[in-house]
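S.K.: Mapping the sequence shown onto the UniProt record's numbering, position 331 (from 1) lands on 331, and the numbers just tick up by one.
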Amino acid sequence: MIAPPVRPPVRLAVLGAGGRGADAYGRWVRAHPDRARIVAVAEPDHARLGALAGTTAARYPDWRDLVADLGRLRPDAVVVALPDALHVAAAAAVADAGLPLLLEKPAAPTLTGLTELAGVVRRTDARIAVGHVLRFAPFWRAVRALVEAGTLGDLATIEVRENIGFWHFAHSFVRGSWRSAAESSPMVLAKTCHDLDLIRWLAGAAPRTVSSEGSLLHFRPENAPDGAPARCTDGCPAAADCPFYAPRYYLDALRDVTDHPVTMLGADLSPAGRLAALRRGPYGRCVYHCDNDVADHQQTLLRFGSGLTATLTASAFTAENTRHLAITGTRGQLHGHMESGEIRVDLFSPSGRLPDVLLGPDTPPDVELVASGTDGPLGHATHTLVARPIRDTRPETGPDAGPAGRSRHAGGDDGLMDAFCRAVVDGTVGSGELSFATALDSHLMAFAAEESRAGAGVVDFGPWTATALDPAGRGSQ
Ligand SMILES: NC(=O)c1ccc[n+]([C@@H]2O[C@H](COP(=O)([O-])OP(=O)(O)OC[C@H]3O[C@@H](n4cnc5c(N)ncnc54)[C@H](O)[C@@H]3O)[C@@H](O)[C@H]2O)c1
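Structural data, given as structure tokens:
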């Protein structure tokens with residue numbers, strides 16, 4: 001399909017004005033009025049709808065109403081930031097209308113849904129970019145540049161540790177929207193399809209086999225402290241000791257935060273409003289008395305045709321909420337910490353050097369070489385880079401204000417919106433890293449991992465690969 005020429009600012013319609021639609025992408029739009037403008041919003045929550053639509057965008061109570069009006073609205077592109085279960089239907093409807101779209105991950109919460117969506121993409125030649133924001137974070141782009149340049153030699157192992165953070169897990173995966181696999185999706189998809197995508201991206205190929213183990217270890221009724229009531233606010237005797245006591249998080253630790261995750265409590269974010277939300281809503285529930293069933297820890301092992309093996313460890317029981325990375329290769333080793341952006345590279349050969357793309361005049365401004373030495377055990381070269389966003393677009397005052405330095409996926413949210421809006425103008429949504437095909441393998445890897453965890457053992461990934469769903473062979477990158 002030939003895309004009509006688009007001039008900035010790109011005119012966007014947004015489906016779903018929650019954490020992603022409003023806080024992540026809407027915020028970027030407000031910070032870049034010359035690049036994008038929101039012309040229509042669909043959202044059933046009145047306060048959220050008004051906050052994102054402002055005085056100029058058209059308002060709709062449901063995504064279906066907005067999509068039915070696309071012919072009149074004539075946006076340049078659509079952002080689908082709805083709950084997981086609505087992704088396939090909404091993306092198919094927008095694709096049928098012939099518009100490019102940014103579809104939040106997971107593209108589909110089930111294998112059946114993903115297969116259906118792949119069929120829509122084939123039938124309509126849909127231009128769908130999936131919200132794999134981390135591919136656009138400076139940290140992961142720098143790691144990928146090192147791997148692609150062959151700096152580490154042939155890759156032997158990749159280890160990704162997804163430290164979910166005990167408080168974040170309780171918020172999203174015990175009390176919140178991703179607590180039930182049937183209502184949203186398994187944790188390995190909902191939380192770690194980013195990590196599986198990054199491993200796939202670094203490996204440069206789909207895995208041969210996938211195996212996975214894990215369970216819901218802790219957030220079960222039998223682990224509740226003696227006498228714990230249904231809600232933290234009902235006089236819990238364990239309030240002082242329990243790591244998951246809700247008022248400590250939403251009223252104290254996050255008292256200055258007014259966007260995600262506290263926006264999930266409701267519109268009134270005053271102390272009294274927050275307390276009322278904890279007394280009534282899902283986020284005040286005792287973590288041992290919720291209707292949750294997703295795994296709270298899971299380890300996945302992937303084997304690739306080249307001999308490379310990769311592990312992904314996801315755990316609720318971490319202090320940090322960020323990813324750690326370790327890669328070993330035949331000529332070097334890499335350790336990375338996503339939140340700080342630090343990447344340490346040990347190069348084993350005396351002639352080993354960092355690639356020009358990370359050292360020369362074209363080095364991206366968000367990558368900095370902070371130290372080099374020969375302090376390895378055999379006097380080999382070591383380099384420390386820091387790759388993280390140089391700009392924080394968050395203002396000091398106004399509705400988007402907030403504590404500086406919150407990561408927003410280490411710059412990936414901003415990076416994806418920047419790339420998406422550029423691609424809408426260039427007519428390239430649907431190709432390269434902004435293509436549906438690129439996202440397929442990560443989702444299939446997650447479904448295979450869940451099947452393995454459920455008892456299938458080592459799953460042969462051959463029949464699952466993206467080409468099975470995308471016979472046009474556009475394949476992943
Ligand atoms: N890319 C990432 O890293 C990332 C991170 C978090 C969440 N997500 C995904 O983004 C999506 C949105 O997540 P979120 O955190 O913004 O959730 P959210 O619950 O904060 O936002 C979803 C919004 O959709 C609205 N909605 C529900 N039904 C609707 C309908 N019929 N029509 C219009 N709007 C409707 C809800 O009222 C809510 O405001 C989910 O699929 C989630 O898995 C992606």
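Ideal Cβ positions, reconstructed from N, Cα and C, are used throughout, including at glycine.
Just so it is clear, the structure is predicted and the values come from calculations on it, not from any experiment.
For the structure I just gave you, are there three or more beta carbon pairs, one from the segment 336–350 and one from the segment 170–180, closer than 8 Å?
M.R.: Three or more Cβ pairs closer than 8 Å define a contact, and the segment 336–350 falls short of that threshold against the segment 170–180.
S.K.: At which residue ranges does the segment 144–191 contain complete alpha helix (DSSP H) runs of 4 or more residues, listed in the order of the chain?
M.R.: 166–169 and 187–190
S.K.: Does the distance from the CB of R59 to the CB of V39 come in under 7 Å?
M.R.: no
S.K.: Spell out the partners DSSP gives T382 in its beta bridges.
M.R.: According to DSSP, T382 bridges with D346 and G373.
S.K.: Could you name the residues that DSSP lists as bridge partners for V80?
M.R.: L15 and L103
S.K.: Pull up the distance between the alpha-carbon of L359 and that of V370, whole angstroms please.
M.R.: 11 Å
S.K.: Leaving aside the five residues before and after R161 along the sequence, list all residues of the same chain whose C-beta is less than 6 Å from its C-beta, in chain order.
M.R.: T313 and H324
S.K.: Apart from the five residues on each side of it in sequence, which residues of its chain come closer than 8 Å, Cβ to Cβ, to N163?
M.R.: S315, T318, A319, E320, N321, T322, R323 and H324
S.K.: With hydrogens ignored, establish whether the beta-carbon of K191 is closer than 6 Å to any heavy atom of ligand 1.
M.R.: no
S.K.: Have a look at F244 and T233 and give me their C-alpha separation to the nearest angstrom.
M.R.: 12 Å
S.K.: What are the uninterrupted segments assigned as alpha helix (DSSP H) that are 4 or more residues long and contained completely in the segment 227–293, given in chain order?
M.R.: 271–280
S.K.: Going by the C-beta, is A42 closer than 6 Å to any heavy atom of ligand 1?
M.R.: Yes; taking the cut-off as 6 Å, the Cβ of A42 has a heavy atom of ligand 1 nearer than that.
S.K.: Report the CB separation of H171 from Y283 in whole angstroms; it is logged as a contact under 8 Å.
M.R.: 7 Å
S.K.: At which residues does the beta strand (DSSP E) containing S306 begin and terminate?
M.R.: Looking at the DSSP string, S306 is not in any beta strand (DSSP E), and its letter there is neither H nor E.
S.K.: Return the chain-ordered list of same chain residues with a C-beta closer than 6 Å to the C-beta of L52, the five sequence neighbours on each side being excluded.
M.R.: A17, A22, G26 and V41
S.K.: May I ask which residues mark the beginning and end of the alpha helix (DSSP H) holding residue 478?
M.R.: A question about residue 478 goes unanswered here, because the residues of the chain that appear run from 1 up to 477.
S.K.: Short of 7 Å in beta carbon distance, which residues of its chain neighbour A238, apart from the five on each side in sequence? Order them along the chain.
M.R.: Same-chain partners within the cutoff: P225 and A228.
S.K.: For L334, list the residues DSSP reports as bridge partners.
M.R.: I327 and V345
S.K.: Where does L73 fall in DSSP's three states?
M.R.: helix
S.K.: Less than 8 Å between the CB atoms is what I'm expecting for R285 and A230, so what's the real figure, rounded?
M.R.: 7 Å
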